[in-house]
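> FYI, the numbering for the sequence shown is 243 to 616, going by this note's numbering. No residue lacks a Cβ here, since even glycine has one placed at the ideal position from N, Cα and C. A quick note: this is a predicted structure, and the numbers were derived from the prediction, not measured.
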Amino acid sequence: MDSRPISLYIHVPFCPSKCYYCNFLSFVSSLDIRQQYVQALIHEIENKKYLLRTYQVHTLYSGGGCPTLLTIEDWKHITDVLQTVVPFSSSLEWTMEVNPATVDETYLLALFHLGVNRLSFGIQSFDSQVRLLSGRKGDIEDATHLISCAVAMGFKTIGIDLIMGLPGQTLSLFQQDLDRALSFSPQHLSLYFLSLEPRTVLYRRKNILSFPSENHVISFYHYACRALKAKKYIHYEVSNWAQQGNMCRHNMNYWKQGEYMGLGLGAHSFLNGKRFHNTTHIQKYLAGYMRGVPQAFPRSTEDQYAEYLLLSLRTKPGIRYAVVSQRFGESYRALLQQKVEHSLYRRYLHQGKQGFSLTEEGFLLLDAIILDLL
Ligand code: SF4
């Protein structure tokens, strides 16, 4: 029997300090906790091997937090155990998120030899004042030196992440950020809109810091769309651009609703049509609370359909009517086609006989368009 493809995500919830805009499941930790965490990850892999036995891993994504706070030996140990449980594809895409403040050249070279082939550098801004106001630690000149080293080492894909809308950011500063990112000719760029989340330092300081207005931030996005199109980057998802052949296969699998397993604190999985996730409580995770049969969340057809619309419309290929018929039935397809015909947002859609997708302007109205089509 052929193995089914699966994507694996490994969450490492540790950071050297908490950035002011961040509400991810991450925190500052001791070396002792990190060592316990690696042991807990190993136990989780061994306990879930029965779920993985019919699969082959096509993509592996190490995210966080800062996965680069684990040692190279830790990563070797984790992936050695993983490969005793589930085979890796010979064309495995292995992404590592890199906070430059946590690595040096030796570490990056060791990742390369371990088989990591995509690095995603969390830069957010190259401007020292914007970084200071955002609580992003680390010397930016060291970070740029590390990106140059990674390029020279020959990683297949170098990605750079920037945020639009940080305090103190202006269009001209953002243009400088993007120009500087492009000076490395990265194969991949992620440009995220700042989302002010409760329980972050920026949220608490929102009335005393100066943020660019919404219209101003939209002008950053328009500038980026134009500049990246001129450089032949493909805008393949709301926040992601890639050179030909360098789209993130791991994230594409999420958006196409392919199967994946998340390992580590709070990690989510989608297997055999069922969704489940691990505890978000670190002491429970370290104590092995995640073992045993995962509890799946029941989901109605309406929920699954809404999720399909939301995930597909984030991407350049968009919605295929044939997929809607096949997954949800002819009645869903007919209703969707009717809604598209009468949508208030038709000018934000690229329409064809086979389906439709959002324009760049439409990506900015994603939530409203989904509501209109449901
Ligand atoms: S390094 Fe990343 S995960 Fe950690 S606090 Fe900063 S943004 Fe959040």
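#1: Based on the DSSP output, what are the partners of T399 in its beta bridges?
#2: Of the choices S367, Y502, R276, whose alpha-carbon is the least far from that of G407?
#3: Select from A538, Y531, L324 the residue whose C-alpha is nearest the C-alpha of T301.
#4: Please confirm whether any heavy atom of the ligand SF4 lies closer than 7 Å to the CB of S268.
#5: Only counting runs of 3 or more residues, tell me where the beta strand (DSSP E) segments fall wholly within the segment 516-559, in order along the chain.
#6: DSSP three-state call for I450: helix, strand or coil?
#7: Within 7 Å: the Cβ of G401 and any heavy atom of the ligand SF4?
#8: Report yes if the C-beta of G306 is less than 7 Å from at least one heavy atom of the ligand SF4; otherwise report no.
#9: Quick one: grab the DSSP three-state call for V299.
#10: Among T337, Q278, L388, which one has its Cα closest to the Cα of Y349?
#11: Under the three-state reduction of DSSP, which class applies to G604: helix, strand or coil?
#12: Can you tell me whether DSSP reads Q371 as helix, strand or coil?
#13: Hey, how far is the Cα of L578 from the Cα of W483?
#14: Could you tell me which residues DSSP puts in a beta bridge with N482?
#15: Does the Cβ-Cβ distance between V328 and L294 come in under 8 Å?
#16: Over the uninterrupted beta strand (DSSP E) stretch that includes M338, give me the two end residues.
#17: Pick out whichever of L273, D419, H510, D614 has its Cα sitting closest to the Cα of T310.
#18: For G305, write down the residues that DSSP places opposite it in a beta bridge.
#19: Given a cut-off of 8 Å, decide if Y434 and S481 are closer than it, judged by their beta-carbon atoms.
#20: Does the distance between the C-beta of G364 and the nearest non-hydrogen atom of the ligand SF4 fall short of 7 Å?
#21: Would F598 and L591 qualify as a contact pair, given that the criterion is a beta-carbon distance under 8 Å?
#22: Below 8 Å between beta carbons: does that hold for Y292 and S376?
#23: With contact counted as at least three CB pairs below 8 Å, one residue from each stretch, are the segment 465-478 and the segment 444-452 in contact?
#24: Since G364 and D421 are thought to touch, with beta carbons under 8 Å apart, how far apart are those beta carbons, to the nearest angstrom?
#25: Measuring only the C-alpha atoms, how far is D322 from G410?
#26: Hey, quick one: how far does the beta strand (DSSP E) through F512 stretch, first residue to last?
#27: What is the residue span of the beta strand (DSSP E) that H592 lies within?
#28: Please report the distance separating the alpha-carbon of I499 from that of Y550.
#29: For V280, which residues in the same chain have their Cβ closer than 6 Å to its Cβ, ignoring the five residues on either side in sequence?
#30: Taking C-alpha atoms, which residue in Q596, A472, T344, Y303 lies nearest to F330?
#31: Roughly how many angstroms lie between the CA atoms of V358 and E572, to the nearest whole one?
#32: Excluding sequence positions up to five away, which residues of its chain have a Cβ less than 6 Å from the Cβ of L470?
#33: Taking only heavy atoms of the ligand SF4 into account, decide whether any of them is closer than 7 Å to the Cβ of K595.
#34: Among L528, Q418, L353, T337, which has the Cα closest to the Cα of K318?
#35: Taking W497 as the reference, which of S437, L553, E439, H430 has the closest Cα?
#36: Under 7 Å: does the beta carbon of E315 sit that close to some heavy atom of the ligand NAD?
Taking the definition as stated:
#1: R360
#2: S367
#3: L324
#4: yes
#5: 516-519
#6: coil
#7: no
#8: yes
#9: strand
#10: L388
#11: helix
#12: helix
#13: 28 Å
#14: S432, E479
#15: yes
#16: 330-340
#17: L273
#18: H253
#19: yes
#20: yes
#21: yes
#22: no
#23: no
#24: Contact flag wrong, Cβ pair sits at about 19 Å.
#25: 45 Å
#26: 510-513
#27: 591-593
#28: It is worth fixing the name first, because residue 499 is Gln in this sequence and not Ile. Answer to the nearest angstrom: the Cα atoms are 8 Å apart.
#29: D316
#30: Y303
#31: 43 Å
#32: W483
#33: no
#34: L353
#35: L553
#36: By its list of ligands, the structure shown excludes the ligand NAD, since it contains just the ligand SF4.
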